[in-house]
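Scroll down for the structure; my scribbles are underneath it.
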């Protein structure tokens, strides 16, 4: 796709379906099963009898009849942050918010777990069993698309904090999982930027960065949105010279201007994924970026069909 066409799509999407949205609120949790406009916790067949679960949200216009008739929805997959009381992060899939905000509740939204080493629970801090966590995504993302009408060519991967690192650390773990995504969004942190002392994977910095750069090669030119509360300059410095690997867009998010009363109300710390829930220039730009990626894949898919 030409740069001119991509820029046109960004402009169109900025004026598109998300533009009129005001404040968002997390939808209710359905204790029984996924339903339109609601979230649900789902146990995959491989983990029956355990507490390993993912969260699934279906948009309000979802119906079995529409799905059976061939309607397909974009999908946004999320990895959530560590358990960290200072920011109100629970470390659990039901505590996620970024993916819902980024899609304004109009797409299928999935929050994947980090599978604990005992394979009985979701991991609240860091990765748990890395391989099991990767395999969970490989099995369940295609399954969710097949079962609920998700468009497998329009699956965005996003994450906040720990999840922002997981976008690459898990999402680009190997060639197979890397093929699932059409674009990537990381908010507050990025794989390879800083050292994570006391971990086996993020310390020392030199070795960590070597492995992060190997993962980056699996981007293969796909679009990446990097957002950060305190500015994206450190990430830009880290990625300098690697811009040929992906199409990077950087967005500084002024969280303390968006929420001037911190720590009052829902937002108790600037390290938050709730900035997507209220109107701001940053949110409008993030929505425009997400819509442009989906539109780009719609055009690419149509071109591929016409060529066949």
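Numbering (the working numbering), first residue to last: 24 to 331.
We treat Cβ as the ideally placed atom computed from N, Cα and C, and that holds for glycine.
Computed from a predicted model, the values in this text were never measured in an experiment.
Between residue 85 and residue 59, the alpha-carbon positions lie close to 6 angstroms from each other. DSSP places residue 58 in the coil class of the three-state scheme, outside both helix and strand.
Between the stretch 224-244 and the stretch 160-172 there are fewer than three C-beta pairs closer than 8 angstroms, too few to call the two in contact. Runs of beta strand (DSSP E) with 3 or more residues, each lying fully within the stretch 257-324, are found at 270-275, listed in chain order. Among the bridge pairs identified by DSSP, residue 212 is matched with none. Secondary structure of residue 163 (DSSP, three-state): helix. A straight line joining the alpha-carbon of residue 184 with that of residue 160 spans about 19 angstroms. Here residue 84 carries a coil assignment [DSSP, helix/strand/coil]. In the structure shown, the three-state DSSP call for residue 157 is helix.
Listed in chain order, the non-local C-beta contacts of residue 187 below 7 angstroms within the same chain comprise 209, 210, 211, 212, 213, local neighbours out to five positions each way being set aside.
One Cα belongs to residue 73, the other to residue 143, and the distance between them is close to 5 angstroms. Beta-carbon to beta-carbon, residue 96 and residue 173 are separated by about 6 angstroms, close enough to satisfy the 8 angstroms threshold. If you check the CB distance, residue 69 and residue 300 do not come in under 8 angstroms. The closest CA to that of residue 61, considering only 75, 271, 274, 79, is found on 79. Straight-line spacing of the CA atoms in residue 139 and residue 115 works out to 12 angstroms. Around the beta carbon of residue 109, fewer than 16 other beta carbons sit within 10 angstroms, so the residue counts as exposed.
The distance from the Cβ of residue 310 to that of residue 272 is about 13 angstroms, inconsistent with a contact at the 8 angstroms cut-off. Residue 316 is positioned such that its CB atom lies no closer than 8 angstroms to that of residue 180. The beta carbon of residue 258 lies closer than 6 angstroms to those of 213, 216, 249 in the same chain, with the five residues before and after it left out.
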